[in-house]
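Engineer: Under my numbering, the first residue of the sequence shown is numbered 15, with each subsequent residue one higher. In this text, a Cβ means the ideal position worked out from N, Cα and C, and glycines have one as well. Below is the structure I would like to discuss, written out as C-alpha cells.
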Amino acid sequence: MTPEGVPFDDRGLAYGDGLFETVLVRDGEPLLWAEHLGRLARGAETLGIPLPDRAALDALPARAGEGLAVLKLMLTRGSGGRGYLAPAEPEPRLRWQAVPFAPARARWRDGVRVRHCRLRLGIQPALAGLKHLNRLENVLARAEWSDPEIAEGLLGDAEGRLVEATCMNLFWWQDDAWYTPRLDRCGVAGTLRQALLADGVIHEGDTAPEALATAEAVCLANSVQGLWPVTRLDDADGRRQARWDIGDRHRALQAEAHARLGYPHD
C-alpha cells in the first residue's frame with residue numbers, strides 16, 4: 015500500500031527524490047515565507063525539478079485556517095525515468111498538509127538539555143543546505159536516545175566539524191558574537207538561521223564538537239519551534255560536558271529570533 019494519491023513509482027517515495035518545507039502559519043499568514051520559497055527554489059534548481067506555479071504556492075497558507083499551524087509542503091519529481099535515471103521532462107507532484115501547532119514554551123523559558131550524537135553526517139557539497147527528502151542520517155541520529163529529558167542531538171560531519179542538531183540549527187557565543195556552523199558541505203540551512211544571517215545578528219564559523227563545551231552560551235533554533243537556550247550538554251554516553259545558566263545573551267538572541275516568528279521572548 016502507498017499513501018493515498020502517491021503511486022508506487024513516485025520518485026520521492028522510491029529515492030527521496032524531492033524537497034520539503036515546514037512553514038509556521040499564523041491566522042493564514044506564513045512566517046519567513048520568502049525564505050522558505052527561496053530555499054525551495056534553490057533545491058528545485060539543484061535537483062532539476064520544475065517549481066509549482068507561484069500563485070498556487072501562495073494560496074496554500076490561507077488554507078491552514080485560524081490560529082497557529084504548521085504547513086508542510088512536499089515536492090517530488092513525480093514518476094517516470096528508469097531506475098535512478100530521471101525522466102527528461104519530469105511532471106512533479108506537490109503535496110501539502112496543515113496541522114494545528116503549539117510550540118514548547120517551557121523550553122523557551124527553561125532551556126534544554128542536549129547531547130552529542132555518534133552518527134557523523136556525510137559530506138556532499140552538492141546537496142548542502144537543501145531540505146531534501148532523504149533524511150536517513152537524521153532518523154538514525156534521533157534513534158540514539160529515548161530519554162525525554164534530552165531535547166536534541168548534535169551532529170558533526172565525517173571530518174569532525176559541528177554542523178547542526180537533528181532538526182534545528184546550532185548557535186554559540188564566542189569572541190563577543192553569535193556564530194552558527196557553515197553549511198557548505200552538509201546540513202540544512204534553516205530559514206530562521208538565514209534571516210538572522212542576512213540581518214547580521216549571527217555569523218558563520220567552524221567549531222569542533224569538543225570545543226562547544228567551552229562556549230560562553232549555546233542555543234538551538236528553527237522556524238517552527240523558535241529558539242531554545244541550551245543549559246546542559248552531554249556526550250554520546252550521557253556524561254555531562256558543560257552547563258550554562260540562561261542569561262542576557264540567550265534572551266537577546268531569542269528576542270531577535272522570536273520577533274521574526276511572532277513569538278514572545280520574555
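(1) For Thr228, count neighbouring C-beta atoms within 10 Å of its own C-beta (all shown protein chains included) and say buried if the count is 16 or more, exposed if not.
(2) Spatial neighbours of Ala58 within its chain, please: CB distance less than 6 Å, with the 5 preceding and 5 following residues excluded, ordered by chain position.
(3) Rounded to a whole number of angstroms, what is the C-alpha to C-alpha distance between Ala191 and Leu133?
(4) What is the rounded straight-line gap between the Cα of Asn152 and the Cα of Leu275?
(5) Write down every uninterrupted run of the alpha helix (DSSP H) in the region 50 to 78 whose length is 4 residues or greater and which is fully enclosed by it, in chain order.
(6) Among the candidates Ala73, Leu210, Leu168, whose CA atom is the shortest distance from the CA of Ala266?
(7) Measuring alpha carbon to alpha carbon, tell me which of Gly92, Pro44, Ala55, His130 ends up nearest Glu224.
(8) When you compare only the Cα positions, how much space is there between His272 and Gln188?
(9) Run through DSSP, which three-state label would Glu151 get?
(10) List, from N- to C-terminal side, the alpha helix (DSSP H) runs of 4 residues or more that fit wholly inside the region 199 to 244.
(11) Between Leu85 and Tyr193, what straight-line distance do the alpha-carbon atoms span, to the nearest angstrom?
(12) First and last residue of the alpha helix (DSSP H) that includes Gln111?
(13) So, under 8 Å CB-CB, Asn183 and Ala235 are touching, yes? Tell me the CB distance rounded to an integer number of Å.
(14) Could you round the C-beta distance between Ala83 and Val128 to whole angstroms and report it? I think they count as a contact, below 8 Å.
(15) Within a Cβ cutoff of 6 Å, which residues of the same chain sit near Thr16, ignoring the five residues on either side of it in sequence?
(16) According to DSSP, what are the bridge partners of Gly92?
(17) Helix, strand or coil for Met15, going by three-state DSSP, please let me know.
Structural biologist: Short version:
(1) Translated into the one-based positions of the sequence shown, residue 228 becomes position 214. Counting Cβ neighbours within 10 Å, Thr228 comes out exposed, since fewer than 16 surround it.
(2) Within the sequence shown, numbered from 1, the residue matching residue 58 stands at position 44. Its chain contains Leu65 as the residues whose beta carbon lies nearer than 6 Å to that of Ala58, once the 5 sequence neighbours on both sides are disregarded; these appear in chain order.
(3) Along the sequence shown, read from residue 1 onward, the residue named residue 191 stands at position 177. Along the sequence shown, read from residue 1 onward, the residue named residue 133 stands at position 119. Distance from the CA of Ala191 to the CA of Leu133, rounded to the nearest whole angstrom, comes to 29 Å.
(4) Position 138 of the sequence shown, counted from the start, is the residue given in the question as residue 152. Position 261 of the sequence shown, counted from the start, is the residue given in the question as residue 275. Asn152 and Leu275: Cα-Cα distance of roughly 25 Å.
(5) The region 50 to 78 contains these whole alpha helix (DSSP H) runs: 68 to 72.
(6) Taking the first residue of the sequence shown as position 1, residue 266 is located at position 252. Comparing Cα positions, the closest option is Leu210.
(7) For the purposes of this step, residue 224 is taken as residue 210 along the sequence shown, with counting starting at 1. Among Gly92, Pro44, Ala55, His130, the Cα nearest to that of Glu224 is on His130.
(8) Numbered from its first residue, the sequence shown carries residue 272 at position 258. Numbered from its first residue, the sequence shown carries residue 188 at position 174. Rounded to whole angstroms, His272 to Gln188 spans 22 Å at the Cα level.
(9) If you number the sequence shown from 1, residue 151 lands on position 137. The answer is helix: DSSP assigns Glu151 an H, G or I state.
(10) Under the rule that a run must span 4 or more residues, the alpha helix (DSSP H) segments found entirely inside the region 199 to 244 read 205 to 212.
(11) Position 71 of the sequence shown, counted from the first residue, corresponds to residue 85. Position 179 of the sequence shown, counted from the first residue, corresponds to residue 193. Near 29 Å, if we compare the C-alpha coordinates of Tyr193 and Leu85.
(12) Residue numbering aside, residue 111 sits at position 97 when the sequence shown is read from its first letter. Not the alpha helix (DSSP H): Gln111 falls in the beta strand (DSSP E), residues 107 to 114.
(13) What you label residue 183 is simply residue 169 of the sequence shown in a count that begins at 1. What you label residue 235 is simply residue 221 of the sequence shown in a count that begins at 1. The beta-carbon distance between Asn183 and Ala235, rounded to whole angstroms, is 6 Å. This is short enough to meet the 8 Å contact definition.
(14) Within the sequence shown, numbered from 1, the residue matching residue 83 stands at position 69. Within the sequence shown, numbered from 1, the residue matching residue 128 stands at position 114. Between Val128 and Ala83 the Cβ distance is about 27 Å, and since that is not below 8 Å, they are no contact.
(15) One-based indexing of the sequence shown puts residue 16 at position 2. The predicted position of Thr16 is uncertain, since its pLDDT is 44 and thus under 50; no value can be drawn from it.
(16) Here residue 92 refers to the residue found at position 78 when the sequence shown is read from its first residue. Beta-bridge pairing links Gly92 to no other residue.
(17) Translated into positions along the sequence shown, residue 15 becomes position 1. Note on Met15: pLDDT 35, under 50, position unreliable in the model; no value is reported.
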